[in-house]
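Enquirer: FYI, the UniProt record's numbering numbers position 227 of the sequence shown as 227, with every residue one higher than the one before it. No residue lacks a Cβ here, since even glycine has one placed at the ideal position from N, Cα and C. This is the structure, below, for whatever I ask next.
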Amino acid sequence: MRKIVDPPAPPPAVRLVVVGTEHEGQRLDNFLLRVCKGVPKSHVYKAIRDGQVRVNKGRSRADVRLASGDSVRIPPLRLPAPGAAAPVPPADFPVLYEDAHLLVIDKPAGVAVHGGSGVSFGVIEQLRAARPAERLLELAHRLDRETSGVLMVARSRKALVALHDMMRESRGRKHYLALVVGDWVNDRQHIRLPLLKYLTPDGERRVRVDALGKPAHTIVTLQRRYAGRYSLVGAELRTGRTHQIRVHLAAQGHPIAGDEKYGPDAVRAALAAQGFRRMFLHAHRLEIPHPVSGEPLVFESPLPPACRALLDQLEHARP
1 MRKIVDPPAP PPAVRLVVVG TEHEGQRLDN FLLRVCKGVP KSHVYKAIRD
51 GQVRVNKGRS RADVRLASGD SVRIPPLRLP APGAAAPVPP ADFPVLYEDA
101 HLLVIDKPAG VAVHGGSGVS FGVIEQLRAA RPAERLLELA HRLDRETSGV
151 LMVARSRKAL VALHDMMRES RGRKHYLALV VGDWVNDRQH IRLPLLKYLT
201 PDGERRVRVD ALGKPAHTIV TLQRRYAGRY SLVGAELRTG RTHQIRVHLA
251 AQGHPIAGDE KYGPDAVRAA LAAQGFRRMF LHAHRLEIPH PVSGEPLVFE
301 SPLPPACRAL LDQLEHARP
C-alpha cells in the first residue's frame, strides 16, 4: 500500500500590508500584533528592533503612529495555518453600553485586559474571538487583572484616538470602590504623591512612591468603617498611573484588602479563609463625554457578589 504524504507547508513569506483608514493613528506594534495573530509578542518586537519590519521602506520604532496608506513590510513570521482553530477561547462579558464607536463592559476580577507578561490572552483577545466580524476592537484604557468593573473598548479608530487623548489629559471622572485595611480617618483626602515604576529582582513590575516618579493625584472619600478593622473608601483618579490607587492607599498605611503586591499576606490569608480570594478594588463609575458626539455619558457597575458578601460579613461580625 502506498503511503500518502502531505506536502510540507510553504514557509512563511514577506508580506506588504497597506494600512487602512480603520488603523489610522495606531501604533506599529499594536498593528502588527493584530495582523499577525498568534505570533508571540517577543517575536514581533524582535523583528522591529532588528529592522525586519519596514514602514514605507524605512526602519521604524514600535511606538510610531501609522497613517492611512502607509505600506508595512512584515517579515516571515510563522503564523497560524489558515482555518486553524483560534487559540483564544471567545467570551462574552456583561455589556453596559454599546454603539457604533464604543463598547463598555463589566470586567470580572481575575481576567487580564490583554495577553502578555505570562498571560496568553485577555479580555480584548476574547472579545475579538467572540466578534470575528468586528473591523476594530481596541482597549481605550486598562484595569489591573484583579480589578473588576467598567472597561471601555473602542470600535472605531476615531473613537480610539479621542479616548486615548481623554485618558492622557485626565478628562472624565473615574471612580473606584476599595476596601482598605484599618480605620480610615479623613472623610475626604487628596493624595498627591509621585509614582515610579521599577522591576523586582525576579522581573516583576512594581510601583513605589518616589520623588523621581511621575505626578499622581487620587481623591479618597470615606464610605463606611467596619469596627476599626476595615474601611470602605471611594477613590477618584485625577491621573492614571500604573497601580496608582493601590500604591497611594498603601502609602497611607491602609493597603487594599487582598492586594498581593502591596498588602499584608496575613490579611489576604484571613480573607481567603472567609471565602474572599481577590483584591477588593472595583471600577464602579465612569463619567466621560462620548468620544465622537461629545454627549455626556455615565457608566456604572455594581459591586460584584463576592465583594457584597464580604461587606455583609463585616457588617454582622462582632467587634
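Which value, in whole angstroms, describes the spacing of the CA atoms of Ala130 and Gly203?
Expert: As a position in the sequence shown, residue 130 is number 130, starting the count at 1. As a position in the sequence shown, residue 203 is number 203, starting the count at 1. Going by C-alpha positions, Ala130 is about 33 Å away from Gly203.
Enquirer: Whose CA, out of Tyr262, Met279, Glu295 and Leu199, lies closest to the CA of Tyr176?
Expert: Here residue 176 is taken as the residue at index 176 of the sequence shown, counted from 1. The shortest Cα separation from Tyr176 among Tyr262, Met279, Glu295 and Leu199 belongs to Met279.
Enquirer: Taking a contact to mean a Cβ-Cβ separation below 8 Å, would you say Glu22 touches Arg135 in this structure?
Expert: Within the sequence shown, the letter at position 22 stands for residue 22. Within the sequence shown, the letter at position 135 stands for residue 135. Yes, these two residues count as a Cβ contact at 8 Å.
Enquirer: What are the boundary residues of the alpha helix (DSSP H) that Phe31 is part of?
Expert: Against the sequence shown, residue 31 aligns to sequence position 31. That run of the alpha helix (DSSP H) goes Leu28 to Val35.
Enquirer: From which residue to which residue does the alpha helix (DSSP H) around His316 run?
Expert: Counted from its first residue, the sequence shown places residue 316 at position 316. Counting along the chain, the alpha helix (DSSP H) containing His316 begins and ends at Pro305 to His316.
Enquirer: Where does Ala283 fall in DSSP's three states?
Expert: Indexing the sequence shown from 1 puts residue 283 at position 283. Strand at Ala283.
Enquirer: So Ala216 and Leu195 are in contact, right, with Cβ under 8 Å, and what is the actual spacing, rounded?
Expert: To locate residue 216, count along the sequence shown from 1; it is residue 216. To locate residue 195, count along the sequence shown from 1; it is residue 195. Sure, about 5 Å apart at Cβ, within 8 Å.
Enquirer: With a CB to CB cut of under 6 Å and the five nearest residues on each side skipped, what residues in its chain are close to Val207?
Expert: The residue given as residue 207 occupies position 207 in the sequence shown. For Val207, where only same-chain residues beyond five positions count, the Cβ hits under 6 Å are Leu195, Lys197, Thr242, His243 and Val247.
Enquirer: I think Pro75 touches Ala47, with their Cβ atoms under 8 Å apart; what is that distance to the nearest whole Å?
Expert: For the purposes of this step, residue 75 is taken as the residue at position 75 of the sequence shown. For the purposes of this step, residue 47 is taken as the residue at position 47 of the sequence shown. At roughly 5 Å, the Cβ-Cβ gap stays under 8 Å, so Pro75 and Ala47 are in contact.
Enquirer: Under the DSSP definition of a beta bridge, which residues are partnered with residue 361?
Expert: Look at the range of the chain in this structure, 1 to 319, and you will see that residue 361 is not part of it.
Enquirer: Alpha carbons only, please: which of Asp70, Gly38 and Phe299 is nearest the one belonging to Lys174?
Expert: By one-based count along the sequence shown, residue 174 stands at place 174. Comparing Cα positions, the closest option is Phe299.
Enquirer: Using a Cβ-Cβ cut-off of 8 Å (strictly less than) and excluding sequence neighbours within five positions of Met167, which residues of its own chain qualify?
Expert: Counted from its first residue, the sequence shown places residue 167 at position 167. When the five nearest sequence neighbours on each side are left out, the beta carbons in the same chain lying within less than 8 Å of the beta carbon of Met167 are those of Ala140, His141 and Gly240, in order along the chain.
Enquirer: Output yes or no for whether 8 Å exceeds the beta carbon distance between Pro291 and Leu127.
Expert: Taking the first residue of the sequence shown as 1, we reach residue 291 at position 291. Taking the first residue of the sequence shown as 1, we reach residue 127 at position 127. No. Outside cutoff.
Enquirer: By the three-class DSSP mapping on this structure, what secondary structure does Tyr176 have?
Expert: Within the sequence shown, the letter at position 176 stands for residue 176. Strand at Tyr176.
Enquirer: For Gly149, I'd like the list of residues in its chain whose CB is within less than 8 Å of its CB, leaving aside the five on either flank, ordered along the chain.
Expert: As a position in the sequence shown, residue 149 is number 149, starting the count at 1. Same-chain partners within the cutoff: Asp106, Lys107, Leu143, Tyr176, His282, Ala283, His284 and Ser301.
Enquirer: Would DSSP call residue 383 helix, strand or coil?
Expert: Within the shown structure, residues of the chain are numbered from 1 to 319, placing residue 383 beyond reach of any answer.
Enquirer: Work out the CA separation of Ile219 and His190 for me, nearest whole Å.
Expert: Working through the sequence shown from its first residue, we reach residue 190 at position 190. Working through the sequence shown from its first residue, we reach residue 219 at position 219. Roughly 5 Å separates the two Cα atoms.
Enquirer: Of all the CB atoms in chain D, is at least one closer than 8 Å to the CB of Val35?
Expert: The structure shown contains no chain D; it is built from a single protein chain.
Enquirer: Would you identify the three-state DSSP class for Leu222, choosing helix, strand or coil?
Expert: By one-based count along the sequence shown, residue 222 stands at place 222. Strand at Leu222.
Enquirer: Going by alpha carbons, who is nearest to Lys232 out of Gly182, Arg34, Val64 and Leu102?
Expert: Counting from one through the sequence shown, the residue named residue 232 turns up at place 232. Looking at the sequence provided, one finds Leu at residue 232 rather than Lys. Per the Cα distances, Gly182.
Enquirer: Cβ of Ala250 versus every heavy atom of the ligand FMN: is any distance shorter than 7 Å?
Expert: This structure does not include the ligand FMN; it has no bound ligands of any sort.
Enquirer: Using only the alpha-carbon positions, how far apart do Arg205 and Tyr262 sit?
Expert: For the purposes of this step, residue 205 is taken as the residue at position 205 of the sequence shown. For the purposes of this step, residue 262 is taken as the residue at position 262 of the sequence shown. Going by the C-alpha atoms only, they are around 12 Å apart.
Enquirer: Going along the chain, which unbroken runs of the alpha helix (DSSP H) with 4 or more residues stay wholly within the region 181 to 259?
Expert: Along the length of the region 181 to 259, whole alpha helix (DSSP H) runs at least 4 residues long occupy 244 to 251, reported in chain order.
Enquirer: Please classify Lys57: does DSSP put it in a helix, a strand, or coil?
Expert: For the purposes of this step, residue 57 is taken as the residue at position 57 of the sequence shown. Coil at Lys57, not helix or strand.
Enquirer: With distances taken between CB atoms, is the gap from Ala62 to Leu33 smaller than 8 Å?
Expert: Looking up residue 62 in the sequence shown gives position 62. Looking up residue 33 in the sequence shown gives position 33. For Ala62 and Leu33, no; Cβs fall outside 8 Å.
Enquirer: Can you name, in chain order, every residue of its own chain whose Cβ lies under 6 Å from the Cβ of Leu286, other than the five neighbours on each side?
Expert: Here residue 286 refers to the residue found at position 286 of the sequence shown. Answer for Leu286: Val150, Lys174 and Phe299, listed in chain order.
Enquirer: Confirm, please, whether the CB-CB distance from Ala227 to Val180 is below 8 Å.
Expert: The residue you call residue 180 lines up with position 180 of the sequence shown. The residue you call residue 227 lines up with position 227 of the sequence shown. Contact flag unset, no.
Enquirer: Can you give me the C-alpha to C-alpha distance between Ala276 and Lys214, rounded to a whole angstrom?
Expert: In the sequence shown, the residue the question calls residue 276 occupies position 276. In the sequence shown, the residue the question calls residue 214 occupies position 214. Residue 276 is actually Phe in this sequence, not Ala. Distance between the alpha carbons of Phe276 and Lys214 is about 33 Å.
Enquirer: Ala154 lies in the beta strand (DSSP E); which residues open and close that run?
Expert: Residue mapping note: residue 154 aligns to position 154 of the sequence shown, counting from 1. Its beta strand (DSSP E) spans residues Ser148 to Ala154.
Enquirer: State the start and end residues of the unbroken beta strand (DSSP E) segment that holds Arg73.
Expert: The sequence position of residue 73 within the sequence shown is 73, counting from 1. Taken as a continuous stretch (DSSP letters only), the beta strand (DSSP E) holding Arg73 covers Ser71 to Ile74.
Enquirer: Helix or strand or just coil, what does DSSP make of Ala85?
Expert: Within the sequence shown, numbered from 1, the residue matching residue 85 stands at position 85. For Ala85, the pLDDT reaches just 44, beneath the cut-off of 50, and the residue's location in the model is therefore unreliable, although a value from the coordinates is still provided. Here Ala85 sits in coil by DSSP.
Enquirer: Can Trp184 and Leu160 be called in contact, C-beta distance under 8 Å?
Expert: Taking the sequence shown and counting its residues from 1, one reaches residue 184 at position 184. Taking the sequence shown and counting its residues from 1, one reaches residue 160 at position 160. Not closer than 8 Å, so no.
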